[in-house]
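This report concerns only the one structure given below.
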């Protein structure tokens with residue numbers, strides 16, 4: 001190895017891993033793509049929404065766009081409200097990441113996260129209907145000949161134009177035979193075509209990113225927490241605790257997941273995305289648990305655990321303050337792959353038609369594409385491509401992380 | 412070796428119990444959305460509420476949901492409790508929730524409360540004092556709930572509710588009597604034994620004949636209860652007193668009822684008999700339904716596994732041998748991309764292009780409609796043509812995964828000392844790779860088989876739905892649409908058993924392959 005790669009004296013574990021990761025081109029690129037996708041999903045209302053930022057339409061004061069962001073008639077899902085708020089708080093987080101260092105950065109991040117969550121909870125509790133259901137800004141602004149400043153694309157996540165269903169990509173709306181012809185200015189243009197209800201596919205994919213990412217991240221966070229806790233218990237205490245937990249893991253891993261998912265979904269009257277997160281978490285915790293258990297078994301034989309015990313620390317403190325931080329490496333790798341897996345499971349559920357009907361998820365688009373054999377082919381390509389892309393970049397990141405953490409490769 | 416297999420088989424038993432327990436918990440959760448009278452097509456049908464009620468009763472008894480979960484203490488029920496429940500609709504303060512719960516609870520008690528009902532009916536116009544004080548106690552308890560809840564819409568009702576129940580006058584007595592008579596007719600008649608898809612034994616047929624006759628007689632009694640309630644009650648009493656032995660519990664009866672007449676016990680009993688109930692759609696036994704779909708799904712799963720291994724191993728070896736070259740880089744990238752392809756994406760694309768667009772292969776099904784008329788070679792060809800696309804869709808992911816695994820295994824082994832020795836001996840590179848390196852890196856890939864079985868069995872659901880192949884996956888999919896819980900329960904148990912059998916085979920295979928591993 002050349003001198004440039006010589007380990008720096010005093011380099012922390014985190015810095016070594018980061019240096020190793022940065023050497024992996026595809027992984028780094030994927031990380032940037034992921035960040036880009038995340039930003040796009042967050043700022044989706046700026047890219048595509050059928051509500052103007054400002055307009056001089058009579059009787060409208062302020063920004064209809066701004067008001068709509070917390071309007072349940074436009075954004076019925078809490079996930080969307082969360083991301084809409086994130087549009088305003090994300091720059092703060094970025095500023096913290098760029099300007100703050102060390103302990104201050106961590107403290108500010110925690111503050112930011114708490115602030116965002118509290119704000120989200122508050123908005124969720126006060127949100128009220130600002131828009132009459134029949135209110136259509138595009139038509140109204142046109143009819144009043146008013147000036148308006150619009151988002152990039154004038155399509156909402158669920159602003160249906162059924163007369164233009166299944167339009168191919170890159171074309172003006174394909175009018176359904178027999179439907180009334182709209183004025184030329186109201187004739188929509190679809191970059192990625194439209195779905196069976198005349199929704200713009202690009203918009204739906206954009207907003208679907210929010211749902212997929214949320215389901216992936218929350219489900220994984222959920223089962224990683226459970227897995228660390230149970231794995232810690234099993235590995236630290238051993239004995240019958242270990243046996244019992246391993247047995248439970250064995251049982252869950254033996255059940256063919258999709259059939260169990262079908263069974264659970266059949267008893268849920270109205271599955272929503274939280275149910276789906278819960279189901280994914282329920283089926284996936286054994287992997288993390290077994291990883292953590294293995295690490296704990298290894299770590300508890302090391303001297304620092306014995307000295308912590310000699311100092312009289314409680315079991316819980318030793319487990320989660322001392323051993324757990326040292327056993328996180330494989331969990332991170334597994335969690336990265338886990339997000340990809342969770343997104344796949346969610347889109348499978350939606351594809352089969354058992355997902356949250358209110359959530360415009362990618363799997364649902366794929367389902368519509370599959371139902372409309374040749375006229376819906378663009379849906380298959382776009383939605384399938386979106387799932388493929390996100391799974392691919394997550395897998396690449398996971399690979400990169402695994403290689404970076406692999407002690408065999410450390411040079 | 413055999414000892415190992417036997418031990419593994421024994422170890423499967425607790426796992427199977429665990430899996431059944433998970434399914435038991437889900438079935439119990441299915442209890443929750445009760446009363447939403449759902450017709451088979453999933454729509455709420457108010458006009459058919461009687462029928463829907465009956466369908467729900469059948470559903471509940473099919474899964475023994477009308478029994479207590481763990482312990483049955485119904486022999487300790489007293490007249491006071493039954494009176495309170497029976498009289499629920501008579502109380503103006505009862506919430507809809509309370510009325511529904513009371514109805515459901517009484518429904519679940521079934522035939523066991525007949526003696527209570529007979530006694531209550533006969534005592535209705537002059538309730539004994541202990542029943543009255545029981546009723547008053549219940550009232551005091553329920554009143555607290557009413558006070559917390561909303562005020563009834565009827566403004567003529569006194570609010571807050573009075574401390575004591577209204578007097579037990581003739582009106583109340585008549586109400587109790589009519590409720591009791593209704594309840595008797597709902598709970599008392601025995602139900603005929605219903606078996607589908609199998610011959611009914613003579614005993615069963617005779618039993619059913621008597622039951623049906625009794626039902627007709629009781630129906631006549633019930634029809635009189637509107638015009639002549641006391642007369643009807645007298646008839647009921649006569650009917651009851653003719654044979655009361657059924658309701659006289661000995662200590663042994665009570666003990667067996669306590670432990671065995673429960674959801675939990677019945678569930679295991681049925682599982683051990685391998686009786687998974689009947690499908691709610693066509694009334695056929697679930698086991699039969701699944702059994703006839705199994706060959707189709709197994710063809711897909713096993714075919715996919717075999718295909719994956721056939722293609723993955725050479726690819727992985729090739730890619731490992733040429734590690735670092737351009738061709739290896741391209742293979743790696745392509746395999747990685749394939750590994751990230753969702754099955755439904757691949758499946759839909761294949762179906763779209765190969766069937767609709769180019770019309771090369773049949774779009775749906777496992778075999779053609781004229782399958783029976785084909786020659787045996789033609790039959791095989793027919794199936795092959797039908798399963799090609801589904802198999803490709805199902806295989807691509809695991810193929811990529813296996814070959815990546817094979818490659819990394821090979822790379823690890825190829826650095827080992829014994830490979831250097833083999834090369835030093837002057838063996839050709841081909842022999843070194845194929846006989847020394849590849850064979851040693853095969854072992855870990857066999858273990859993947861066990862882990863990928865649940866995924867492949869699950870993946871067949873997607874493929875079967877896309878290509879409309881009438882296997883277990885499509886059966887499960889349709890069962891969800893039709894809320895056919897029996898089929899879903901059966902599928903879960905049977906696929907879990909299949910998976911476990913697969914894992915066992917893998918382990919045995921592993922032991923055969925790797926002599927270093929001893930299974931003492």
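Chains as they are written, first to last, in the working numbering: chain A, 1 to 411; chain B, 412 to 931. Beta carbons are placed, not taken as given, at the ideal position from N, Cα and C, and that holds for glycine. Since this is a predicted model, take the numbers as computed values, not measurements.
| Asked | Found |
| --- | --- |
| Ranges of the beta strand (DSSP E) found wholly within the region 550-630 of chain B, counting only runs of at least 3 | none |
| At least 3 beta-carbon pairs within less than 8 Å: the region 661-673 of chain B vs the region 865-873 of chain B | no |
| Residue nearest to residue 855(B) in terms of C-alpha spacing, selected from 918(B), 888(B), 908(B) | 918(B) |
| Min CB distance residue 865(B) to chain A below 8 Å | yes |
| Same chain, Cβ closer than 7 Å to residue 594(B), neighbours up to 5 away in sequence not counted | 497, 517, 528 |
| C-alpha distance - residue 865(B) paired with residue 754(B), whole-angstrom precision | 15 Å |
| C-alpha gap between residue 314(A) and residue 304(A), whole angstroms | 14 Å |
| C-beta neighbour in chain A for residue 674(B), strict 8 Å | no |
| Length at least 4, wholly inside the region 123-194 of chain A: the alpha helix (DSSP H) runs in chain order | 137-143 |
| Distance between residue 908(B) and residue 602(B) (C-alpha atoms, nearest Å) | 34 Å |
| CB of residue 202(A) within 8 Å of CB of residue 160(A), strictly | no |
| Backbone secondary structure at residue 457(B) - three-state DSSP | Any reading at residue 457(B) must be qualified, since the residue scores a pLDDT of 42, below 50, and its modelled position is unreliable; the value itself is stated next. Coil. |
| Neighbour-count burial assignment, residue 503(B), 16 or more Cβ in a 10 Å radius | exposed |
| Distance between residue 224(A) and residue 307(A) (C-alpha atoms, nearest Å) | 28 Å |
| Three-state secondary structure (DSSP) of residue 689(B) | strand |
| N-terminal and C-terminal residue of the alpha helix (DSSP H) that residue 80(A) is part of | 78-99 |
| Distance between residue 231(A) and residue 388(A) (C-alpha atoms, nearest Å) | 31 Å |
| Close Cβ partners of residue 265(A) (< 6 Å) along its chain, the five nearest in sequence each way excluded | 271, 354 |
| Range covered by the alpha helix (DSSP H) that runs through residue 299(A) | 273-299 |
| Rounded separation between residue 915(B) and residue 416(B) - CA only | 8 Å |
| CA-to-CA distance, residue 470(B) to residue 112(A), given in whole angstroms | 51 Å |
| Where residue 643(B) sits in the DSSP three-state scheme | helix |
| Backbone CA spacing between residue 88(A) and residue 226(A) [nearest angstrom] | 32 Å |
| Cut-off 8 Å between Cβ atoms - residues of its own chain near residue 924(B), not counting five sequence neighbours on either side | 853, 854, 857 |
| Residue 200(A), DSSP secondary structure in three states | strand |
| Chain A contacts from the region 526-540 of chain B (Cβ-Cβ distance under 8 Å) | none |
| Nonlocal neighbours in the same chain, by C-beta distance under 6 Å from residue 590(B), ignoring five residues either side | 497 |
| Which residues DSSP lists as bridging residue 48(A), in chain order | 153(A) |
| Chain-ordered chain A contacts of residue 902(B) [CB-CB under 7 Å] | 259 |
| Residue 696(B) (DSSP reduced to helix, strand or coil) | strand |
| Residue 906(B), DSSP secondary structure in three states | helix |
| Inter-residue CB distance, residue 880(B) and residue 809(B) (contact presumed, cutoff 8 Å) | Contact flag wrong, Cβ pair sits at about 18 Å. |
| Residues near residue 430(B) by beta carbon distance below 8 Å, same chain, minus five either side | 903, 904, 907 |
| Identity of the residue in 573(B), 598(B), 894(B), 632(B) nearest residue 514(B) by Cα | 598(B) |
| Sub-8 Å separation of residue 775(B) and residue 878(B) beta-carbons | yes |
| Contact set between the region 330-349 of chain A and chain B, restricted to residues whose Cβ is under 7 Å from the partner | 344, 347, 348 |
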